[in-house]
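Trainee: My questions all concern the structure below.
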Amino acid sequence: MTFDLVNNILKTEKEADKIRKDAEKEAEKKIENARNQSRKKVNEAMAKREGEIEMALKEAEKESEKELVKIKNTKEKERKEIQAKSKKGFEIAVKKILKEVSG
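Count along the sequence shown from 1, add 1067, and you get the number used in this note's numbering.
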């Protein structure tokens, strides 16, 4: 009877060790799965954010190009106005000189 009791205790301890080891393995698997899912979510979020940043940069580039075209057009218009005024001023000066010379 004592022998059976000792065998039963040893058997129970073995089963308990096996259950504990199985539980540890299962816990490690769950932890690893959770880590992998977290990494995946972080990578997806980073990829999404990078895409958003790229789109924002492209949009900013388009806007800056539009602004650059506006500035170039304004500068060209100002240059033409200045040339026209210079030409008028030159013509007026030539007329005055011709008037003084002839008159």
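C-beta atoms are modelled at their ideal positions from N, C-alpha and C, and glycine is treated no differently.
Helix, strand or coil, according to DSSP, for MET1068 in the structure here?
Mentor: MET1068: coil per DSSP, three-state reduction.
Trainee: Between LYS1144 and the rest of its own chain, which residues show a CB-CB distance below 6 Å, the 5 nearest in sequence each way excluded?
Mentor: none
Trainee: Tell me the start and end of each unbroken alpha helix (DSSP H) in the region 1131-1170 that is at least 4 residues and wholly inside, in chain order.
Mentor: none
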